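A quick write-up on the structure given underneath.
Protein chains: 2
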Amino acid sequence: MKKKSTRPPSRKPRADALRNRERILEIAKEAFTRSGANISLDDVAKQAGVGAGTLYRHFPTRDALLEAVYRTEVAKLAEAERKFAETMPPVEALRAWMLLFVDYIAAKQIIAPALNTLVGGPSKLFESSGAQIKGAIHALVSRAIKSGEIRPDLDPLDLLRALVGVSNVASGPDWAQSARRLVQILILGSRPAS
Amino acid sequence: MKKKSTRPPSRKPRADALRNRERILEIAKEAFTRSGANISLDDVAKQAGVGAGTLYRHFPTRDALLEAVYRTEVAKLAEAERKFAETMPPVEALRAWMLLFVDYIAAKQIIAPALNTLVGGPSKLFESSGAQIKGAIHALVSRAIKSGEIRPDLDPLDLLRALVGVSNVASGPDWAQSARRLVQILILGSRPAS
DNA sequence: AAATAAAACGGAGAGTGTCTCCGTAAAAAT
DNA sequence: ATTTTTACGGAGACACTCTCCGTTTTATTT
Numbered sequence: 001m002k003k004k005s006t007r008p009p010s011r012k013p014r015a016d017a018l019r020n021r022e023r024i025l026e027i028a029k030e031a032f033t034r035s036g037a038n039i040s041l042d043d044v045a046k047q048a049g050v051g052a053g054t055l056y057r058h059f060p061t062r063d064a065l066l067e068a069v070y071r072t073e074v075a076k077l078a079e080a081e082r083k084f085a086e087t088m089p090p091v092e093a094l095r096a097w098m099l100l101f102v103d104y105i106a107a108k109q110i111i112a113p114a115l116n117t118l119v120g121g122p123s124k125l126f127e128s129s130g131a132q133i134k135g136a137i138h139a140l141v142s143r144a145i146k147s148g149e150i151r152p153d154l155d156p157l158d159l160l161r162a163l164v165g166v167s168n169v170a171s172g173p174d175w176a177q178s179a180r181r182l183v184q185i186l187i188l189g190s191r192p193a194s
Numbered sequence: 001m002k003k004k005s006t007r008p009p010s011r012k013p014r015a016d017a018l019r020n021r022e023r024i025l026e027i028a029k030e031a032f033t034r035s036g037a038n039i040s041l042d043d044v045a046k047q048a049g050v051g052a053g054t055l056y057r058h059f060p061t062r063d064a065l066l067e068a069v070y071r072t073e074v075a076k077l078a079e080a081e082r083k084f085a086e087t088m089p090p091v092e093a094l095r096a097w098m099l100l101f102v103d104y105i106a107a108k109q110i111i112a113p114a115l116n117t118l119v120g121g122p123s124k125l126f127e128s129s130g131a132q133i134k135g136a137i138h139a140l141v142s143r144a145i146k147s148g149e150i151r152p153d154l155d156p157l158d159l160l161r162a163l164v165g166v167s168n169v170a171s172g173p174d175w176a177q178s179a180r181r182l183v184q185i186l187i188l189g190s191r192p193a194s
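For the protein sequence lines, the chains are A and C, in the order given.
The opening residue of the first sequence carries number 1 in full-length UniProt numbering; numbering runs sequentially from there.
The opening residue of the second sequence carries number 1 in full-length UniProt numbering; numbering runs sequentially from there.
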């Protein structure tokens with residue numbers, strides 16, 4: 001038997017399909033970053049040189065496209081978690097990651113609305129990305145709890161929620177400052193009762 | 001001279017105009033609360049029994065309508081601030097108001113996106129409402145600072161930003177719990193350095 | 001109580017975005 | 001080379017936004 005283990009023979013995926021998919025992602029990322037999440041998808045399709053049908057076949061909903069676009073960004077966040085955890089003391093790692101998170105999200109206004117459904121809503125979108133992010137902050141918080149510098153009953157998701165909030169609002173002139181201050185407040189507020 | 005002091009005579013406002021305005025607000029509030037901020041405005045007009053033109057004449061943009069709808073809610077928040085400040089110790093007043101805020105906003109998913117532009121964006125919408133809210137939290141924080149239970153360099157707007165975040169995310173099954181925990185964290189994190 | 005003027009109405013319709021359907025074209029398998 | 005499977009793409013049905021302007025209603029004047 002020469003075919004791979006995975007069930008039915010299933011032929012080789014078409015080359016143009018893959019090309020189109022990549023091209024759409026590329027254009028979409030650019031457009032999202034430039035003009036926010038409400039751009040016209042038909043426009044994106046046009047710019048990518050494909051028909052609307054093609055776009056919608058690859059990404060049935062706007063959210064699906066958003067998630068696909070930001071999958072790599074999410075991956076980077078997850079990776080940063082590992083690096084910080086290795087090279088910094090627990091609380092500092094947590095702080096650094098939180099700041100990075102805000103930075104990342106704020107830099108691209110885009111994701112915020114979508115992120116809401118991630119941390120909160122019953123929506124099943126962002127399943128995998130969500131898991132990665134949740135995993136990262138969970139790990140960081142766990143470590144900080146073990147070190148005794150964070151209250152043991154802290155729910156990591158609470159922090160995440162607050163961060164999403166900060167990011168959502170990240171636009172005013174001093175958002176960077178504000179974000180820094182808020183992260184500080186959150187960390188201080190998460191220490192064990194004195 | 002029989003005319004009022006305010007400049008040009010200006011005739012009495014038309015009765016139907018006022019009636020329509022009220023009716024639109026009523027329907028819009030209901031619709032927003034039921035289905036979020038993205039409902040069709042033409043539908044609202046239809047339900048209110050007026051033409052689209054009428055709706056848009058009264059409220060040129062979606063945001064204008066949103067603000068008008070929630071002006072009263074905002075007023076209630078401002079009022080609550082006064083009551084809490086009179087009847088509770090500083091920090092408790094602050095906590096109570098923060099929880100009320102989350103509650104209010106979360107109960108109507110609606111405002112959240114609009115609120116973002118309030119706390120953050122350069123948008124000039126929500127001018128008056130924004131001022132009221134900012135005034136309220138400013139007063140509460142000031143009092144708590146004077147009492148020595150809150151760090152003097154705390155920016156009230158930072159708290160507000162975090163609250164908006166929490167509200168944005170308020171949807172999961174345990175949002176009420178989460179909100180409570182977060183408010184607690186924020187307050188703890190805002191105490192003077194030990 | 002008309003007549004007049006001002007203000008508001010309302011809905012048709014132009015412009016734009018979403019998303020589907022299906023005849024056509026391209027790629028893989030044979 | 002032929003067949004079969006997969007994907008393409010854009011026309012078009014539907015929805016929403018917002019404006020324009022002829023008509024109607026209301027307030028004022030006589």
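Yeah, the Cβ is synthetic: ideal placement off N, Cα and C, and Gly gets one too.
Predicted model, so just to flag it, every value in this text is computed and none were measured.
The UniProt domain "HTH tetR-type" (18-77) of chain C contains no complete beta strand (DSSP E) run of 3 or more residues. Between ARG151 (chain C) and ARG191 (chain C) a beta carbon distance of about 7 Å is seen, short of the 8 Å cut, so the two are scored as contacting. Between GLU79 (chain C) and ALA136 (chain C), the alpha-carbon positions lie close to 9 Å from each other.
8 Å or more divides the Cβ of ALA52 (chain A) from the Cβ of ASP63 (chain A). With the rule of 3 Cβ pairs closer than 8 Å, the stretch 20-31 of chain C counts as touching the stretch 53-61 of chain C. Pairwise C-beta distances place the stretch 138-156 of chain A in contact with the stretch 91-107 of chain A, as three or more of them are shorter than 8 Å. With respect to the 8 Å criterion, LEU25 (chain C) and VAL74 (chain C) are not classified as neighbours on the basis of their beta carbons. In the DSSP annotation of this structure, the continuous segment of the alpha helix (DSSP H) that includes ALA176 (chain A) starts and ends at 175-189. Separation of the CB atoms of SER142 (chain A) and ARG71 (chain A) is rounded to 25 Å, and the pair is thereby denied contact status at 8 Å. Chain order gives the chain A residues near VAL166 (chain C) as ARG161, ALA162 and GLY165, where near means a beta carbon separation below 8 Å. Taking C-beta atoms as the reference points, SER178 (chain A) and ARG161 (chain C) count as a pair closer than 8 Å. Interface with chain A (8 Å Cβ-Cβ cutoff): ASP42 (chain C) is excluded.
When DSSP states are grouped into helix, strand and coil, PRO90 (chain A) belongs to the helix group.
Its chain contains MET98, PHE101 and VAL102 as the residues whose beta carbon lies nearer than 7 Å to that of LEU163 (chain A), once the 5 sequence neighbours on both sides are disregarded; these appear in chain order. Taking the Cα positions, ALA85 (chain C) is about 21 Å away from ILE105 (chain C). One finds nothing in chain A with a Cβ atom closer than 9 Å to the Cβ of LEU77 (chain C); even the nearest lies about 18 Å away.
Chain C has a Cβ within less than 8 Å of the Cβ of ARG181 (chain A). Contact check for GLU81 (chain C) against LEU140 (chain C) passes: the beta carbons are separated by less than 8 Å. With contacts defined by Cβ atoms closer than 8 Å, GLY189 (chain A) and LEU159 (chain C) do not form a contacting pair.
Counting the other CB atoms within 10 Å of its CB gives LYS29 (chain C) a total of 16 or more, which places it among the buried residues. Here DSSP, grouped into helix, strand and coil, assigns GLU81 (chain A) to helix. In chain order, GLN184, ILE185, LEU186, ILE187, LEU188, GLY189 and SER190 make up the part of chain A whose C-beta sits under 8 Å from the C-beta of GLY189 (chain C).
What ASP155 (chain C) touches in chain A, judged by beta-carbon distance under 8 Å, is SER178 and ARG181, going in chain order.
Within the UniProt domain "HTH tetR-type" (18-77) of chain A, no residue places its CB atom closer than 9 Å to a CB of chain C. In the structure shown, LEU160 (chain A) adopts helical secondary structure according to DSSP, grouped into three states.
Within 8 Å of the CB of ASP158 (chain A), the CB atoms of chain C belong to SER178, ARG181, LEU182 and ILE185, in sequence order along the chain. ILE145 (chain A) has its alpha-carbon roughly 18 Å from the corresponding atom of GLN184 (chain C).
Here ILE133 (chain A) is not near LEU65 (chain A), since their CB atoms are 8 Å or more apart.
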